[in-house]
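*Asks:* I am attaching a structure below and will ask some questions about it afterwards.
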Amino acid sequence: MKRGGVINAALAGALARLGHTDELLICDSGMPLPAGVEVVDLAFVAGIPSFADVLDGILAEIVVEGATAAEEVRAGNPGCDALLGERLPALAYVPHERLKELSAASRLVVRTGEAHPYANVILRCGVAF
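So in numbering that gives the first Met the number 0 the end of the sequence shown lands on 128, straight run, no missing numbers.
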């Protein structure tokens, strides 16, 4: 049994399979899930697990070289925007509809129990060396 870090078996395995430039979407419970993409659904009840908890857990496991969020998060969910800006300083913004289109290229989707709008981000994997 793992001592720490991500202990969800499906998520730990999916993260281990990601390579350089692969993208993953961390999303709230309302984001449409793209067809044909591996999904690890962590949602338990509304708000659990939170977007912040899942983001922090994943950021502790992978190297990120880029990130994209919906520009609507700035006005629609300023708390999430502040969190993203703090954790991902080179964050890029696109319209929410474009984010949904971009999510189709993700190799992995991690669905949280978050029940606030625009709590979604696409992360592009980097390398540790």
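Beta carbons: idealized from backbone N, C-alpha and C, even for Gly. Because the structure is a prediction, the values reported are computed rather than measured.
1. I need the DSSP call for Ala118, collapsed to helix, strand or coil.
2. Using a Cβ-Cβ cut-off of 7 Å (strictly less than) and excluding sequence neighbours within five positions of Pro31, which residues of its own chain qualify?
3. So, does the segment 16 to 33 touch the segment 114 to 126, judging by three or more C-beta pairs under 8 Å?
4. What is the rounded straight-line gap between the Cα of Gly3 and the Cα of Ala66?
5. For Ile6, count the other beta carbons within 10 Å of its own beta carbon; 16 or more makes it buried, fewer makes it exposed. Which is it?
6. DSSP on Ile25, reduced to helix/strand/coil?
*Replies:* Let me spell this out:
1. coil
2. Lys99
3. yes
4. 25 Å
5. exposed
6. strand
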